[in-house]
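Residue numbers (UniProt numbering): 1 to 482.
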């Protein structure tokens with residue numbers, strides 16, 4: 001059955017049809033610094049599967065975790081899926097009875113690990129694994145590389161490579177993340193204009209968008225938690241399809257304590273995961289806790305800060321310029337995990353605006369080339385002169401005159417022999433009418449250029465010759481008639 005546009009409009013007016021308007025990407029949108037966020041081919045699944053333990057769904061060579069400072073694995077934390085880069089020290093010291101920490105491949109996750117043989121873990125400092133524990137960079141893959149710049153102590157499963165320059169590819173990334181985090185939160189020192197509102201309703205924090213903007217911006221200077229700090233839900237409304245959602249949580253100490261997000265992608269929050277970024281530009285202390293499968297990517301910009309993650313699952317990229325503690329809370333079950341899911345949102349452009357050009361007056365300069373030539377031709381002068389209204393070519397044997405109506409270029413050259421001539425500046429002399437040609441030369445003292453030889457006597461002589469010639473033609477004509 002075919003339905004007309006008018007019928008669709010009528011149904012929409014009655015609330016029976018939801019019409020979605022495509023979101024147009026902003027002209028000033030950028031990805032995260034260094035191109036971080038998207039899946040790096042390989043073989044990237046589309047769409048990504050929900051969290052599970054099936055066969056590999058694809059391969060992703062992009063970074064899933066970046067830690068500018070130190071990373072500590074404590075409690076019963078289980079694994080970090082995807083590529084992990086730690087600028088400082090990596091220390092694994094879990095509670096007794098929980099002895100393995102997986103990197104690269106997760107037993108339960110998106111099941112999109114890095115390619116076999118890729119760097120699963122890169123450490124810019126020392127790598128330490130407590131006695132009786134293991135750091136596993138193989139899982140059910142063919143294995144990856146653990147690359148470290150400093151010392152190593154403990155049991156590591158996988159290919160271990162000592163490389164003092166391990167962090168060289170990421171040398172600028174920490175500072176870039178700090179700058180980007182600040183840029184996303186503020187414009188010229190003022191809070192970035194919000195497009196929606198945030199309300200803590202005790203049982204949930206509700207984010208309401210404007211229903212139209214391609215970039216939905218929310219700013220709050222409070223925790224996302226129930227009264228007393230307990231768990232609460234997270235909900236969004238008024239978010240157009242395809243929009244990027246940027247949540248700026250400002251302040252020195254921030255906590256998100258939530259039960260939202262699920263394994264099967266049935267929670268509405270999961271739908272926003274690929275284009276949802278939680279940004280902490282200021283915090284020295286961040287706690288991400290609760291009982292949910294947290295959705296969206298995280299950016300913590302304070303290089304002196306520490307983020308502690310004890311959620312059962314974090315689904316999205318995780319980038320911090322500071323330190324990371326991956327652990328578990330008291331009384332909480334085991335199996336805290338980072339799952340590798342890409343961020344594909346379009347964020348505000350943080351490129352520096354070009355400075356306006358200056359208009360400082362400048363003094364015209366003339367490039368000069370000095371050449372020395374020796375001429376040994378006969379001393380008979382040869383000249384070619386072109387002026388407005390006529391063209392006269394003079395040689396030792398022939399004189400011709402032909403009219404022209406265009407403004408011409410006057411070029412004068414004189415050759416004498418024997419003589420040595422030094423020429424400064426090779427230019428074409430031009431005139432705007434009969435008069436003195438301009439053939440500038442630049443004096444050594446930088447004063448105004450000399451415009452050439454005085455042509456007054458030459459013009460007078462030319463006039464006498466033309467007058468005499470005219471008279472001779474007139475007399476010859478009279479004689480023929482008589």
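Yeah, the Cβ is synthetic: ideal placement off N, Cα and C, and Gly gets one too.
Just so you know, the alpha carbons of residue 76 and residue 107 end up roughly 15 Å apart. Fully enclosed alpha helix (DSSP H) runs of no fewer than 4 residues occupy 268-271 of the stretch 260-288, in order along the chain. Scanning its chain for C-beta atoms nearer than 7 Å, with the 5 sequence neighbours on each side dropped, one finds around residue 34 the residues 173 and 176, in chain order. Residue range 159-162 is occupied by the beta strand (DSSP E) that includes residue 159.
About 5 Å separates the CB atoms of residue 311 and residue 288; that is less than 8 Å, so the two are in contact. Judged by DSSP in its simplified three-state form, residue 297 adopts strand. The beta carbon of residue 55 lies closer than 8 Å to those of 111 in the same chain, with the five residues before and after it left out. Annotated as proximal: residue 150 and residue 126, with beta-carbon spacing under 8 Å. Between the alpha carbons of residue 63 and residue 266 lies a gap of roughly 26 Å.
Proximity of the stretch 42-49 to the stretch 296-307 falls short of the contact definition, fewer than three beta-carbon pairs being nearer than 8 Å.
The C-beta of residue 216 has 16 or more other C-beta atoms within 10 Å across all chains shown, which makes the residue buried.
In this structure, the straight-line span from the alpha carbon of residue 256 to that of residue 223 is close to 6 Å. When C-alpha distances from residue 286 are compared across 232, 124, 273 and 307, the shortest belongs to 307.
By the neighbour-count definition (other C-beta atoms within 10 Å, threshold 16), residue 212 is an exposed residue. In this structure, the CA atom of residue 290 is about 34 Å from the CA atom of residue 42. Cα atoms of residue 243 and residue 346: separation of roughly 8 Å, rounded to the nearest angstrom. The C-beta separation of residue 148 from residue 123 comes to about 4 Å, placing the pair in contact by the 8 Å criterion. Scanning 180, 68, 100 and 153 for the CA closest to the CA of residue 324 turns up 68. The beta carbons of residue 274 and residue 343 sit closer together than 8 Å. The C-beta of residue 59 has 16 or more other C-beta atoms within 10 Å across all chains shown, which makes the residue buried.
Within the same chain, no residue comes within 6 Å of residue 179 by CB-CB distance, once the 5 residues on both sides are set aside.
Excluding sequence positions up to five before and after residue 129, its CB lies within less than 6 Å of the CB of 92, 135, 154 and 155, all in the same chain and listed in chain order.
In the DSSP assignment, residue 95 falls outside any alpha helix (DSSP H), carrying neither H nor E. Shown here, residue 317 sits in coil according to DSSP, grouped into three states, outside any helix or strand.
Taking residue 209 as reference, the option from 235, 191, 184 and 329 with the minimal CA-CA separation is 235. Taken in chain order, the complete beta strand (DSSP E) segments of 3 or more residues contained in the stretch 146-185 are 155-157 and 159-162.
Boundaries for residue 194: no beta strand (DSSP E) harbours it, and the DSSP string shows neither H nor E there.
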